[in-house]
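Participant: Residue numbers are given in my numbering: position 59 of the sequence shown equals residue 59, and the series is strictly consecutive.
All C-beta atoms in this analysis are idealised placements derived from N, C-alpha and C, irrespective of residue type, glycine included.
Pasting a structure below so you can have a look.
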Amino acid sequence: MKHRITTDRTIWATLASAAVVAAATGCGPTTTDAGAKDTKATSPSPAKPKDAFDSLTGSQISSKALAALKSASSMRVSGTVPADDKTNQSMQVNVAMDTQGSCRGSLTLPGTVSLELLRKGKGAFYIKGNEKFWRAMLTELAKDGEGLTRKQANAAVDMLKSRWVKADEKSAKDLTATNFCDMDKLQDLGGHSDVTRGADVVVAGRPVAVIYDREDWRVTTVHVAKTGKPYPVQITTTDSSSAAPDTLVKFSEFNKPVDTTLPPADQIIDANNLG
Numbered sequence: 001m002k003h004r005i006t007t008d009r010t011i012w013a014t015l016a017s018a019a020v021v022a023a024a025t026g027c028g029p030t031t032t033d034a035g036a037k038d039t040k041a042t043s044p045s046p047a048k049p050k051d052a053f054d055s056l057t058g059s060q061i062s063s064k065a066l067a068a069l070k071s072a073s074s075m076r077v078s079g080t081v082p083a084d085d086k087t088n089q090s091m092q093v094n095v096a097m098d099t100q101g102s103c104r105g106s107l108t109l110p111g112t113v114s115l116e117l118l119r120k121g122k123g124a125f126y127i128k129g130n131e132k133f134w135r136a137m138l139t140e141l142a143k144d145g146e147g148l149t150r151k152q153a154n155a156a157v158d159m160l161k162s163r164w165v166k167a168d169e170k171s172a173k174d175l176t177a178t179n180f181c182d183m184d185k186l187q188d189l190g191g192h193s194d195v196t197r198g199a200d201v202v203v204a205g206r207p208v209a210v211i212y213d214r215e216d217w218r219v220t221t222v223h224v225a226k227t228g229k230p231y232p233v234q235i236t237t238t239d240s241s242s243a244a245p246d247t248l249v250k251f252s253e254f255n256k257p258v259d260t261t262l263p264p265a266d267q268i269i270d271a272n273n274l275g
């Protein structure tokens, strides 16, 4: 099979470029002063705990975020990203991955295509698509001169839509982008210039430092945890020049095992037996 869903490449490029910002150099200190002393107080107030990022610049916070990201053995990436450059649809992404090559997750275009992906270590890939995914695949194969008759296509979809297809890396790449299982790619990214530290905020009850990058009409904002390890925990990207929806990606479940339980044997079809 030659076809690969084009949205997969777009999603991964978005995630990768956003992660670059988390690893980027920045500029501009920010103040964390709690305010003027209360001259009316009759007794000294308890000392305010030192802020984890007290007096740090954006560049220094970015270095800490990159070091934390590189130290993680696993993580989950979830959120919504533009499906492609031509529509205003968003793709939902939810993938857990580790540095050993294992992954488990899903990619969904609401109301249309959905795809599940599973891999244990450096072993085979297991791919499960819904009916619309496989029909789209067969349509593309027909364009490549490898199409089936309508009867054959319907039979193939009925066989595949409720099962997992076991594939080696080459076959998996033909079916979909396998970069979603490559955690090293997110951990090994270069820097970026012109990243600025903004005002700290609280997200879901968690204090985070804010780093943002502005490029033409596009603004990418990265939230870095101020408690525990300074992991990048949320990335948003907006582009006022485009009708495409915003990107919102969250990083979580650092260093937690990835569930690589394989599906029952009677639900698996070997791609090598598909002809």
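If contacts are defined as beta-carbon pairs under 8 Å, then Ala96 and Glu253 qualify, I think. What distance do you get, rounded to the angstrom?
Facilitator: By 1-based counting over the sequence shown, the position of residue 96 is 96. By 1-based counting over the sequence shown, the position of residue 253 is 253. About 6 Å; that satisfies the 8 Å criterion.
Participant: How big is the Cα-Cα spacing for Arg119 and Cys103?
Facilitator: As a first step, residue 119 is located in the sequence shown; it is residue number 119 there, counting from the start. As a first step, residue 103 is located in the sequence shown; it is residue number 103 there, counting from the start. Straight-line Cα distance between these residues: approximately 5 Å.
Participant: For Ala96, does the three-state DSSP call read helix, strand or coil?
Facilitator: Here residue 96 corresponds to residue number 96 of the sequence shown, with the count starting at 1. Of the three classes helix, strand and coil, the one that applies to Ala96 here is strand, per DSSP.
Participant: Is it a yes or a no for the region 103 to 116 touching the region 240 to 257, going by three-plus beta-carbon pairs under 8 Å?
Facilitator: Segments in contact, no.
Participant: Go through its chain and collect everything with a Cβ distance to Arg150's Cβ below 6 Å, but skip five positions before and after it.
Facilitator: Walking along the sequence shown from the start, residue 150 turns up at place 150. So the list is empty, once near-sequence residues are dropped.
Participant: Have a look at Pro245, Asn273 and Pro257 and flag the residue whose alpha-carbon is nearest the alpha-carbon of Ala83.
Facilitator: Sequence index remark: in the sequence shown, residue 83 carries index 83 (1-based). Out of Pro245, Asn273 and Pro257, Pro245 has the C-alpha closest to the C-alpha of Ala83.
Participant: Quick check on this structure: which residue in Leu117, Gly121, Ala124 and Asn154 has the alpha carbon closest to the alpha carbon of Lys132?
Facilitator: Along the sequence shown, read from residue 1 onward, the residue named residue 132 stands at position 132. Minimum Cα distance to Lys132 is reached at Asn154.
Participant: Enumerate in chain order the residues of its own chain whose CB-to-CB distance from Val157 is below 8 Å, with the five nearest sequence positions on each side excluded.
Facilitator: Taking the sequence shown and counting its residues from 1, one reaches residue 157 at position 157. Excluding sequence neighbours, Val157 sits near Glu131, Trp134, Arg135 and Leu138.
Participant: Does the distance between the C-beta of Asn255 and the nearest non-hydrogen atom of the ligand FAD fall short of 7 Å?
Facilitator: Only the bare structure without any ligand can be found here, which leaves the ligand FAD out of the picture.
Participant: Under a three-way DSSP split, which group does Gln267 fall into?
Facilitator: Residue 267 sits at position 267 when you count from the first residue of the sequence shown. Residue state, collapsed to three classes: helix.
Participant: On the CB-based measure, 16 or more other CB atoms within 10 Å of its CB, does Leu183 come out buried or exposed?
Facilitator: One-based indexing of the sequence shown puts residue 183 at position 183. Looking at the sequence shown, residue 183 is not Leu but Met. Met183 should be labelled buried.
Participant: Can you find the residues in the same chain that come closer than 7 Å, C-beta to C-beta, to Ala167, ignoring five residues on each side of it along the sequence?
Facilitator: Counted from its first residue, the sequence shown places residue 167 at position 167. Answer for Ala167: Ala124, Phe125, Ile127, Leu175 and Ala271, listed in chain order.
Participant: With DSSP collapsed to three states, give me the class of Glu215.
Facilitator: Position 215 of the sequence shown, counting from 1, holds the residue named residue 215. Three-state result, Glu215: strand.
Participant: How do the region 215 to 224 and the region 70 to 77 stand: do at least 3 beta-carbon pairs fall below 8 Å, yes or no?
Facilitator: Touching, no.
Participant: Ala225: buried (16+ other C-beta within 10 angstroms of its C-beta) or exposed?
Facilitator: Numbered from its first residue, the sequence shown carries residue 225 at position 225. Looking at its Cβ environment, which holds 16 or more other Cβ atoms inside 10 Å, Ala225 is buried.
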